[in-house]
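All remarks here apply to the structure that follows.
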Amino acid sequence: MEGKIFFSSMRVLRKNLDPLIHARVRLGIVSALAAGETLSFRDLKVLLSTSDGNLSRHAQKLEKAGYIECIKSFQGRMPHTEYRLTSKGTEALLSYVEQMEHMLQVARSVTIDEDDFSN
Amino acid sequence: MRIEYGPIPSRTENSQNQASEHLRFIRDVMERSASFTAVPGWGMVAVGITAALASWVASMQTTSDGILIIWFIEAVVAVTIAIWTLRRKARKCGVSLTSGPGRKYILTLAPSMVAGLLFTVALWQAGNQDLLATLWLLFYGAGTITGGTSSVRVIPILGICFMVMGIISLFLPPAWMHLLLALSFGGLHIGFGLYIARRYGG
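Okay, here's the thing in structure tokens:
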């Protein structure tokens, strides 16, 4: 019975997870920008150990959703791209962290109940 | 007893692990990102100013012992400034210097510094002081390049500039030593420090 409750609550929690942030690279981009004010494309690439194409694709998705802001400029003749987290992105990350902590609490409470029962 | 619950224990543990792993990933990326930009630009400017002063004072010394003492004092002052400003900026960014990239930076820079110090003593005892400037520039440059791999791109570039200066010093007469050290330890630190302070907030 407890198992059923656990799985249904986990299903609800997983369903409510923001799919935009749940992907590993996008979660990395948002987390990195939450700690550093602005980071260049190259800085993010080094930090997340990913390829140009992969980072560009995921950053575009976050930019479309309004989670990050892209600032394009020129350094001499070279194009320079910088990213910054928007307030919408900050809220999304905070909400994701809260959901993860909640999932952890639910999983822990079920494990504790099982341990009590087995003892 | 646990087997009575069928797959429940393993799945709860799995959910727990997944959630913990995601939270750990977020914390790790945030810590790396904060350390990544925790380079003290103003500290670098201060080190550059003291180095420029040291090379000016050293150029007025009449003995080679005097020159080495001046640069030894400068090295102690520069390391003190660097540690103090690094700790200050790391605290501002909310990261610890002794964990993650901060520790990696110090551990990759330290061997070059220790090797440079040992070679300085060896060359000094052998009475070959003409190569000291080249030695310091190359060892500091190499340490900055390797240490800078876990930091913003400008740090390895600074290391490359030091190594280029070291190579140039091989082709210049020893009398140019003071000017070369002033331009590199003074000028490069001030220039790159100003850029970092402007670009990465202090």
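Residue numbers (my numbering), protein chains in the order written: chain C, 436 to 554; chain H, 999 to 1200.
Think of the CB as a built atom: it goes at the ideal place given N, C-alpha and C, for glycine as much as any other residue.
9 Å Cβ cutoff, residue i in contact with chain C
i	result
H:Gly1199	yes
H:Phe1183	no
H:Val1037	no
H:Phe1034	yes
H:Gln1127	no
H:Gln1123	no
H:Gln1059	no
Option in the options with minimal Cα separation from residue i
i	options	result
C:Ala470	H:Phe1137, H:Lys1090 and H:Tyr1193	H:Lys1090
H:Val1077	H:Ala1044, H:Pro1172, H:Ser1148 and H:Gly1139	H:Ala1044
C:Leu479	H:Ala1052, H:Gly1046 and H:Met1028	H:Met1028
H:Leu1133	H:Cys1159, H:Val1150 and H:Leu1168	H:Leu1168
H:Leu1107	H:Val1150, H:Ala1032, H:Ala1131 and H:Gly1146	H:Gly1146
H:Leu1179	H:Arg1197, H:Arg1085, H:Ser1031 and H:Ala1050	H:Ala1050
H:Asn1126	H:Gln1059, H:Met1042, H:Asp1063 and H:Gly1191	H:Asp1063
H:Val1150	C:Ser475, C:Lys499, C:Phe509 and C:Arg461	C:Ser475
H:Cys1263	H:Leu1135, H:Pro1172, H:Pro1038 and H:Arg1197	The structure shown has nothing for residue 1263 of chain H, since chain H only spans 999 to 1200.
H:Leu1156	H:Leu1021, H:Gly1039 and H:Ser1018	H:Gly1039
H:Ser1057	H:Leu1177, H:Ala1080, H:Ser1182 and H:Tyr1138	H:Leu1177
H:Pro1109	H:Ala1124, H:Trp1082 and H:Gly1139	H:Gly1139
C:Tyr518	C:Val532, C:Asp453, C:Thr473 and C:Ser466	C:Thr473
C:Gln540	H:Leu1021, H:Tyr1193 and H:Met1161	H:Leu1021
H:Ala1032	H:Leu1084, H:Ala1080, H:Gln1014 and H:Ala1088	H:Ala1088
H:Gly1025	C:Ser466, C:Asp487, C:Thr485 and C:Leu520	The sequence given here places Arg at residue 1025 of chain H; Gly does not occur at that position. With distances taken between Cα atoms, H:Arg1025 lies closest to C:Ser466.
C:Glu504	C:Met535, C:Leu520, C:Pro514 and C:Ser491	C:Leu520
C:Thr525	C:Met513, C:Ser544 and C:Leu497	C:Leu497
C:Pro454	C:His537, C:Phe509 and C:Ala500	C:Ala500
H:Leu1163	H:Met1175, H:Leu1115 and H:Val1152	Note that residue 1163 of chain H is Met in the sequence shown, not Leu. Among H:Met1175, H:Leu1115 and H:Val1152, the Cα nearest to that of H:Met1163 is on H:Met1175.
H:Ala1073	H:Tyr1198, H:Phe1183, H:Ala1195 and H:Tyr1193	H:Phe1183
Segment limits, alpha helix (DSSP H) that includes residue i
i	result
C:Thr473	Careful: C:Thr473 lies outside any alpha helix (DSSP H), inside the beta strand (DSSP E) at Thr473 to Ser475.
C:Phe509	That residue, C:Phe509, is in no alpha helix (DSSP H); its beta strand (DSSP E) goes Ile503 to Gln510.
H:Pro1154	Val1152 to Leu1168
C:Gln495	Asp487 to Lys499
H:Phe1137	Leu1130 to Gly1145
H:Gly1189	His1187 to Arg1197
H:Leu1181	Per DSSP, H:Leu1181 belongs to no alpha helix (DSSP H) and is neither H nor E.
Short CB-CB distance (under 9 Å) between residue i and chain H
i	result
C:Asp478	yes
C:Gly463	yes
C:Leu528	yes
C:Ser466	yes
C:Arg459	yes
C:Ser522	no
C:Leu474	yes
C:Leu455	no
Chain B residues whose Cβ lies nearer than 8 Å to that of residue i
i	result
H:Val1150	Checking the listed chains, one finds no chain B in this structure; the protein chains it contains are C and H.
Enclosing beta strand (DSSP E) for residue i [first to last residue]
i	result
C:Pro454	Here C:Pro454 belongs to no beta strand (DSSP E); instead the alpha helix (DSSP H) covers Pro454 to His457.
C:Gly518	Contrary to the premise, residue 518 of chain C reads as Tyr rather than Gly in this sequence. Note, C:Tyr518: beta strand (DSSP E), Met513 to Leu520.
Requested in this report: Would you list, in chain order, the members of the stretch 1016-1031 of chain H that have their beta-carbon closer than 9 Å to a beta-carbon of chain C?
Outcome: Gln1016, Ala1017, Ser1018, His1020, Leu1021, Phe1023, Ile1024, Arg1025, Asp1026, Val1027, Met1028, Glu1029, Arg1030 and Ser1031
Query - Any alpha helix (DSSP H) of 4 or more consecutive residues that is wholly inside the stretch 1002-1089 of chain H - result: 1006-1034 and 1039-1057
Query raised in the report: Relative to chain H, which residues along the stretch 482-504 of chain C have a C-beta separation below 8 Å, given in chain order?
Result: With the criterion set as a beta carbon lying under 8 Å from some beta carbon of chain H, the members of the stretch 482-504 of chain C are Leu482 and Leu483, in sequence order.
**Report entry** Selection of the stretch 505-520 of chain C by Cβ proximity to chain H, strictly under 8 Å
**Finding:** none
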